[in-house]
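Chemist: Just so you know, the protein sequences line up as chains G and X, in that order. When you line the first sequence up against my numbering, it's residues 1 to 368, in that order. When you line the second sequence up against my numbering, it's residues 1001 to 1357, in that order. Structure below; questions to follow.
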Amino acid sequence: MVEEALIAMTAQLARLGNPSSLHTHGRATRRTLEDAREVIAKEVGCLPSEVIFTASGTEANNTALKGLYWQGRDKGKHVVVISSIEHHAIVDPAHWLAEHEGAEVIQIPVNADGVIDLEFLTQLVTTRGNEIALISVMHANNETGVIQPIPKVVDIAGEIPVHTDAAQSFKKIPLSFADLGVYAMSLSAHKMGGPLGIGALVLRRAVEIPALLHGGGQEREIRSGTLNAPAIVAFAAAAKSKYYDSAKVSELRDSFIAGITSALPEVIVNGLKADRLPGIVNVTFPGTQSDTLLLLMDAQNISCSTGSACSAGVHEASHVLLAMGHNEVSAQSSLRFSFGATSTHADVDLALSVLPDVITRGRAANLS
Amino acid sequence: MKLIAAMSGGVDSAVAAARAVDAGHDVIGVHLALSSNPQKYRSGARGCCTIEDSHDARRAADVIGIPFYIWDMAEEFHDGVVEDFLAEYAAGRTPNPCLRCNEKIKFAAVLDRARAMGFDGVVTGHYARTQISDSGKTLHRAVDHSKDQSYVLSVLTVEQIEGAIFPLGDTTKVDIRKEAEARGLAVAQKPDSHDICFVPSGDNAGWLRDRLGSEVGPIVDHNGVKIGEHKGAYTYTIGQRKGLGLTVPTADGSPRFVLKIEPVSNTVVVGAREDLAVSTMRGERAVWCGPAVTAQPQRGFVQVRAHGAALTCTYFFDGRLLTAQLDQPLLGLATGQAMVIYDGDRVVGSATICETE
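What follows is the structure, encoded as structure tokens:
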């Protein structure tokens, strides 16, 4: 967490008052909380009343997807369109809607660089537009960092509600709800220097969707539950903070890519030709298994990630890389490196110094 | 040494990992995911590699204070152990999958991968001991004979034994549980696993029937006369007396036992108790856990079941088959089982029984 958020959160934790209470303490907390809402609204280019706090980005995604689907279904629209590279917090609720609520899920394919196929979407909207309840395309991908053409999606969609999961992009690249023109947008505080356990769904004013959580009627009756004031205050402090220097992080990323491709020319940097977030590099190391590489990197105190793991903790081939044309083997040979606001050139040099030996051992282990 | 501790989520492998750390080794815990479709929870003593087991293994690694990872060995396990188990039954033999798992997974796939990654060996919670002698590192029975697992480790070559660390061989199971308690390991009182881990229902016959079918075939006596019908030959075991469903009694009213299973003709042969007696067994695919056995007959012991008795015998190897001649005949011996030769408590080697007489 960034320092400003930590200070704001601990200060608020010490204060009494449920923001929904009408007494002095309650009103004081409410005021602080509404200040925070205004800060976040300003940072993401929306109205304060458009910010609905949730307990996670996952909850924001579920609320948007299910709510917009149910709203559309009431008008006879049963198709849910998502991209083939969405986070599980979109993919899984979409499939849940298909299994339990009668939805038909259509996935927009991506090209080899991980950018969605706008031709496909145009065709789909032309032929089946009146059946589509919503379109959900992430703002930037969490595994490759590839940025998606959301304004074009909105143009193609016309009257169809568009949702975007912007958990990865907030604070990393310019982000404006109003400029994007979407109906709904998900945010997650811990992805941008804020605390765990707080997120937001930005939802156009006057759009009313069915709720997932019912109770006290907080947050436009779309998300009941006592508001987590300390986390919200910290979320706002992180949103306002200037801690993230995109240019600096981009430079680290580029020097890492230059180093890795010169030391190991056979590697593939995934999404290299597309516009990407400053801090994410996804690399395929042919002939290796990424869980072996992760263990060996971890032993050198370097944390990196393999796509995702199933509930038993078994590493699985990334659906994002598969969608980009990788096969199971090459998808399982890939690692994600993330650079953040506190990363340094020394970190890049350390990673580059250990990688060749790690790859050699990883290849030997793969052949054994 | 730099070691990989294979952690199943049970008490034994947890204490083994902890003891390896105490001995000054640099240890990393690894849980092997052996099923591509794991069950969520364990049911009693059955099964391992459930999601709950992988969680237990992770918590044990946390308490011990070592890094922890999960290795997906589902494909290797399926190809090397499950398929072998089915093929052996289909061929009328009685396989031991635990032994195959040690041979092909824990001390092959895992050890090879560990060595390639720069580790020196693999730690497991098996009850067995190793000793360094003039002829190298040798494999021995555990102090706790009731828990001794040297039988299922008898497929390890000298090179595999070199890379195997068994920290529990000098202790009884009761004391391992007490030690786990003292170390604060939550799995201290977790039930032992029995049965076959990939048959979570415990119903081996039903599991085999689902996969191999249940083709009806004849039950015949030793003259080849049909006296009944069976529902799938592989669900019978050599020496089995109950559950044959025979209605034709023997002349003297004595019971009948399964003598032989013939998969090609799908026939089960039954006969008298004395026909079960085996005095000589021969095995193929011999593996030596130390110096190789020669054609020169030696005196020693042979064991044919994981927790069976050690039978006195004379043994030799003709370059193809390992032969053991028993001092006292044994009743009911299935081909496919491992014959493991011991010299006192040292494991000499093993072979897969292919002939009995």
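C-beta atoms are modelled at their ideal positions from N, C-alpha and C, and glycine is treated no differently.
For the alpha helix (DSSP H) containing D298 of chain G, list its first residue and its last residue.
Modeler: Taken as a continuous stretch (DSSP letters only), the alpha helix (DSSP H) holding D298 of chain G covers S290 to A299.
Chemist: DSSP state of S136 of chain G, grouped into three classes?
Modeler: If DSSP states are grouped into helix, strand and coil, S136 of chain G belongs with the strands.
Chemist: Using three-state DSSP, classify Y1069 of chain X as helix, strand or coil.
Modeler: Y1069 of chain X falls in the strand class under three-state DSSP.
Chemist: T292 of chain G versus chain X: which residues are under 8 Å apart at the beta carbon?
Modeler: Residues of chain X passing the Cβ test: R1113 and M1117.
Chemist: Which same chain residues, not among the five before or five after A98 of chain G, have their C-beta less than 8 Å away from its C-beta?
Modeler: Here the set comprises V80, E104 and V105.
Chemist: Count the other C-beta atoms from every protein chain shown that fall within 10 angstroms of the C-beta of V329 of chain G, then say buried if there are 16 or more, exposed otherwise.
Modeler: V329 of chain G comes out exposed.
Chemist: Indicate whether A1017 of chain X and M1007 of chain X have their beta-carbon atoms separated by less than 9 Å.
Modeler: Yes, they are a contact pair.
Chemist: What did DSSP end up calling D1112 of chain X once you bin it into helix, strand or coil?
Modeler: Here D1112 of chain X sits in helix by DSSP.
Chemist: From V1225 of chain X to V1187 of chain X, what distance separates their C-alpha atoms?
Modeler: So the alpha carbons of these two residues sit roughly 55 Å apart.
Chemist: If I measure Cβ to Cβ from S169 of chain G and keep anything under 6 Å in the same chain, skipping five residues before and after, which residues do I get?
Modeler: Hits under 6 Å: H139, A140 and L175.
Chemist: May I ask you to report which of helix, strand or coil DSSP gives K1002 of chain X?
Modeler: If DSSP states are grouped into helix, strand and coil, K1002 of chain X belongs with the strands.
Chemist: When DSSP labels each residue in this structure, what does S49 of chain G get in the three-state scheme?
Modeler: S49 of chain G falls in the helix class under three-state DSSP.
Chemist: If I'm right that N61 of chain G touches I90 of chain G with Cβ under 8 Å, what's the distance once you round it to whole angstroms?
Modeler: With 8 Å as the limit, N61 of chain G and I90 of chain G qualify as a contact, their Cβ atoms being about 5 Å apart.
Chemist: For R1046 of chain X, name the three-state secondary structure that DSSP assigns.
Modeler: Confidence is the limiting factor: at R1046 of chain X the pLDDT is only 45, short of 50, which leaves the residue's position unreliable and the question unanswerable from this model.
Chemist: Compare the C-beta of H163 of chain G against all C-beta atoms of chain X and say whether one is closer than 9 Å.
Modeler: Chain X, which has no Cβ nearer than 9 Å to the Cβ of H163 of chain G, makes this no.
Chemist: If you measure from the beta carbon of Y1069 of chain X to each beta carbon in chain G, is any gap under 9 Å?
Modeler: Chain G contact via Cβ: present.
Chemist: Below 8 Å on the Cβ atoms is my guess for S333 of chain G versus T261 of chain G; work out the distance and round it to an integer in Å.
Modeler: Contact flag wrong, Cβ pair sits at about 16 Å.
Chemist: Using a Cβ-Cβ cut-off of 9 Å, state whether D1072 of chain X counts as contacting chain G.
Modeler: Yes, its Cβ sits closer than 9 Å to a Cβ of chain G.
Chemist: Pick helix, strand or coil for N1102 of chain X, following the three-state DSSP scheme.
Modeler: Of the three classes helix, strand and coil, the one that applies to N1102 of chain X here is helix, per DSSP.
Chemist: Taking 9 Å as the threshold (C-beta atoms), are G1163 of chain X and V1122 of chain X in contact?
Modeler: For V1122 of chain X and G1163 of chain X, yes; Cβs fall inside 9 Å.
Chemist: Just checking my contact of V283 of chain G with R253 of chain G at CB under 8 Å: how many whole Å lie between their CB atoms?
Modeler: Not confirmed; about 11 Å, so no contact.
Chemist: Taking CB distances under 9 Å as the criterion, tell me whether A1020 of chain X reaches chain G.
Modeler: So, not an interface residue.
Chemist: For V1268 of chain X and H1230 of chain X, which I take to be in contact (beta-carbon distance under 8 Å), what is that distance rounded to the nearest angstrom?
Modeler: Correct: roughly 5 Å between the Cβ atoms.
Chemist: Mind listing which residues of the stretch 1180-1205 of chain X have their C-beta closer than 7 Å to chain G's C-betas, in chain order?
Modeler: If the cut-off is 7 Å between Cβ atoms, the stretch 1180-1205 of chain X has nothing near chain G.
Chemist: So what does DSSP say about P19 of chain G, is it helix, strand or coil?
Modeler: Reduced to three states, the DSSP call for P19 of chain G is coil.
Chemist: By the 9 Å beta-carbon criterion, what residues does the stretch 90-122 of chain G contribute toward chain X?
Modeler: Listed in sequence order: no entries.
Chemist: Can you list, in chain order, the residues of its chain whose CB lies under 6 Å from that of K1260 of chain X, leaving out five sequence neighbours each side?
Modeler: Around K1260 of chain X: V1269.
Chemist: Can you tell which of X:Q1131, X:V1155, X:G1319 and X:R1093 has the C-alpha that lies nearest to the C-alpha of I1238 of chain X?
Modeler: Minimum Cα distance to I1238 of chain X is reached at X:R1093.
Chemist: Do you know offhand how far P48 of chain G's Cα is from F256 of chain G's?
Modeler: Their Cα atoms are separated by approximately 39 Å.
Chemist: With distances taken Cα to Cα, identify the nearest neighbour of L296 of chain G among G:A341, G:L322 and G:A365.
Modeler: The residue with the shortest Cα to Cα distance from L296 of chain G is G:A365.
Chemist: Which chain G residues sit within Cβ distance under 7 Å of S1254 of chain X?
Modeler: What S1254 of chain X touches in chain G: nothing, since even the nearest Cβ is about 52 Å away.
Chemist: If you compare alpha carbons, which of G:S186, G:D74 and G:A167 is closest to E131 of chain G?
Modeler: Ranking the options by Cα distance to E131 of chain G, first place goes to G:D74.
Chemist: Which runs of the beta strand (DSSP E) spanning at least 3 residues fall entirely within the stretch 259-288 of chain G, listed in chain order?
Modeler: Entirely contained in the stretch 259-288 of chain G, the beta strand (DSSP E) runs reaching 3 residues are, in chain order, 280-284.
Chemist: For a test of the three-state rule: what should DSSP assign to G57 of chain G, helix, strand or coil?
Modeler: Of the three classes helix, strand and coil, the one that applies to G57 of chain G here is helix, per DSSP.
Chemist: Contact defined as beta carbons within less than 8 Å: I believe L1003 of chain X pairs with A1020 of chain X. What is the distance between those atoms, to the nearest angstrom?
Modeler: L1003 of chain X to A1020 of chain X, Cβ: 6 Å. Contact.
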